[in-house]
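Following: one structure in structure tokens, then a few remarks.
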Amino acid sequence: MSELLGGKYEVMELAGEGGMAKVYRGQTHGAAGFTRPVAIKRVLAPLSQNPVFLKMFVEEARVVSELDHPNIAQIHDFDRDRSGEYYLVLEWVEGLTLAEWRQGYKEHGNHTPWTLTAAIGIEVLAALHAAHAHTDAEGRPAPIFHRDVTPQNVMVSNCGVVKLTDFGLARAMDRSSITKPGFVKGKISYLAPELTYEADPSAQTDLFSVGVVLWEVLAGEKLFKDKDPLKLVGTIRDMEIPDLADLRPHLPPRLRDIIRKALRRNPLERYTSSRDMARDLAALLRATDEVTDSHIIAESVRWSREQLAQARPSEPATKPFAAQEALKNAASADETVPDTSIPLTRRK
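In case it helps, our numbering puts the sequence shown at residues 456 to 803.
Quick look at the structure:
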């Protein structure tokens, strides 16, 4: 018999498991036979008594509950089960991660369309703007920085809706850090250089991550390729960003300039805000004759999913947005750098 949480959330089957949590497919039960699919996220049993992981889990629930935006995967509920352990109930939307979307094109031997990549980037930036412009109950600025913008944490639904997910590492400026001082936690290959020197997260650190994501989706390969975490940090700090023109010479120069600005090593030289970067991308798209609305994005998701199904017929065609942990290994091996904690050095 399926487990029932909170008297209405039925836990149906495991959707995926990551380093910190398991995500289950479930459904909520209401009056008159009402049901709705949901994703249920629970901390792994070995970590359920670890105060650091529990604090991260609670912080994720708090942060997402305060961000009501169509491009942010929403939380429906947060509670404890009968044993006293926390669980999160999240929206269930079927589609592909950005990593999978890109991989579908790669399986077919194609690059992703730059116009659709830019359109998806605009939606991600809209989600980040909502987080960065967050205010507290008194209307005072209380920005939230995601700190983990990756292709695995950007989802594109079957309806062409883009969602930014997994705020488990997000830091709100009205809360102290819950990560260990002197260490960085997260997928290192998407970190801004200053974060490796123990700088505070900012809008510019998130924008650097967006730049890495867009560069990789367009290039079809990783930007920072070192597998060793310490070498990877050195690469992020010192490597000159390869020009996308060398990999895709027909990309618009303006698009390359926008991404290059997001990837400036000096955060003061990046965009002032996610909205400014989105405006530049939108202006570039307006200068084209191509349609990039949700219907076209949805069609591209369908096509990419078909390519993935042909390449990996044993895998399910759709996955839940909320199950980020389940998706981390779904794309090709070069897509994923595991969560890692490494010692930092301060800038001299």
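By construction, the Cβ of each residue, glycine as well, lies at the ideal position given by its N, Cα and C atoms. Owing to the predicted nature of the structure, the values given are computational and were not obtained by experimental measurement.
Checklist entry - Comparing alpha-carbon positions, which option in R480, L718, I577 and P656 lies nearest D735? => result For the residues R480, L718, I577 and P656, the minimum Cα distance to D735 belongs to I577.
Item to check | Where N608 falls, given that 16 or more other Cβ within 10 Å makes a residue buried | outcome: buried
Checklist entry - Which word fits L685, buried or exposed, when buried means at least 16 other C-beta atoms lie within 10 angstroms of its C-beta? => result exposed
Item to check | For E465, the nearest candidate out of L543, E724, D693 and A658 (CA to CA) | outcome: L543
Checklist entry - Does the separation of the CB atoms of N526 and A573 fall below 9 Å? => result no
Checklist entry - Hey, I599 and E515: beta-carbon distance below 9 Å or not? => result no
Checklist entry - So what's Y645 in DSSP terms, helix, strand or just coil? => result helix
Next on the checklist: Would you call the region 654 to 661 in contact with the region 686 to 703, where contact means no fewer than 3 C-beta pairs closer than 8 Å?
Outcome noted: They do not touch, by the three-pair rule.
Next on the checklist: Whether or not the region 525 to 539 and the region 727 to 747 are in contact is what I'm after, with contact meaning three or more pairs of Cβ atoms, one per stretch, closer than 8 Å; do they touch?
Outcome noted: The region 727 to 747 and the region 525 to 539 do not touch, with fewer than 3 CB-CB distances between them shorter than 8 Å.
Next on the checklist: Which same chain residues end up closer than 7 Å to L469 when comparing Cβ atoms and leaving out the 5 residues on each side of it in sequence?
Outcome noted: If we look at L469 and ignore the five residues flanking it on each side, its Cβ neighbours are K477 and Y479.
Checklist entry - Ordered along the chain, which non-local residues of its own chain (more than five positions away) have a Cβ less than 6 Å from that of D534? => result G461
Checklist entry - Can V617 and I752 be called in contact, C-beta distance under 9 Å? => result yes
Checklist entry - What residues in its chain sit with their C-beta under 6 Å from that of S749, if we drop five residues either side in the sequence? => result G615
Checklist entry - Going by beta carbon distance, what residues of the same chain come within less than 6 Å of V519, once the five residues before and after it are set aside? => result I530 and F622, listed in sequence order.
Item to check | Y652, enclosing beta strand (DSSP E) - first and last residue | outcome: That residue, Y652, is in no beta strand (DSSP E); it is neither H nor E in DSSP.
Checklist entry - CB S747 to CB L571, shorter than 9 Å? => result Rather than Ser, the amino acid found at residue 747 in this sequence is Thr. Result yes, Cβ atoms of T747 and L571 sit closer than 9 Å.
Checklist entry - Which of the three DSSP states, helix, strand or coil, is assigned to F489? => result Here F489 sits in coil by DSSP.
Checklist entry - Which residues in the same chain have their Cβ closer than 8 Å to the Cβ of H587, if we skip the five residues on either side of it in sequence? => result P598, I599, F600, A658, D661, S728 and S729
Item to check | Outcome for H589 when other beta-carbon atoms lying within 10 angstroms are tallied against a minimum of 16 | outcome: buried
Checklist entry - Residue ranges of each alpha helix (DSSP H) run of no fewer than 4 residues wholly in the region 684 to 746, ordered along the chain? => result 684 to 693, 708 to 717 and 729 to 741
Checklist entry - Under a three-way DSSP split, which group does P606 fall into? => result Three-state result, P606: helix.
Item to check | Presumed contact (8 Å Cβ cut-off) between G666 and A717, rounded CB distance | outcome: 3 Å
Item to check | Identified DSSP bridge partners for G481 | outcome: V466 and V493
Checklist entry - Straight-line CA distance for G473 to A674? => result The straight-line gap from Cα to Cα measures roughly 27 Å.
Next on the checklist: Can you confirm whether the region 538 to 554 touches the region 484 to 494 when touching is taken to mean that 3 or more C-beta pairs between the two stretches lie within less than 8 Å?
Outcome noted: yes
Next on the checklist: Using only CA atoms, which one of L551, R719, K677 and F508 lies nearest to E695?
Outcome noted: R719
Next on the checklist: Given this structure, state the Cα-to-Cα distance separating L739 from E649, to the nearest angstrom.
Outcome noted: Approximately 29 Å, taken between the alpha carbons.
Item to check | Buried versus exposed, by CB contacts within 10 Å (16 or more), G539 | outcome: exposed
Item to check | Buried versus exposed call for S457 [16 or more other C-beta atoms within 10 Å across all chains shown] | outcome: In summary, S457 is exposed, with fewer than 16 beta-carbon neighbours lying within 10 Å of its beta-carbon over all protein chains present.
Item to check | Where P596 falls, given that 16 or more other Cβ within 10 Å makes a residue buried | outcome: exposed
Checklist entry - Would T700 pass as a contact of R711 if the rule is Cβ separation under 9 Å? => result Per the sequence shown, the amino acid found at residue 700 is Ala instead of Thr. Yes, the pair counts as a contact, with Cβ atoms nearer than the cut-off.
Next on the checklist: Considering just the uninterrupted stretch of the beta strand (DSSP E) at G539, what are its terminal residues?
Outcome noted: Per DSSP, G539 is not a residue of any beta strand (DSSP E), being assigned neither H nor E.
Checklist entry - Contact check, L619 vs A582 under 8 Å by CB: the rounded distance? => result 4 Å
Checklist entry - DSSP on A597, reduced to helix/strand/coil? => result coil
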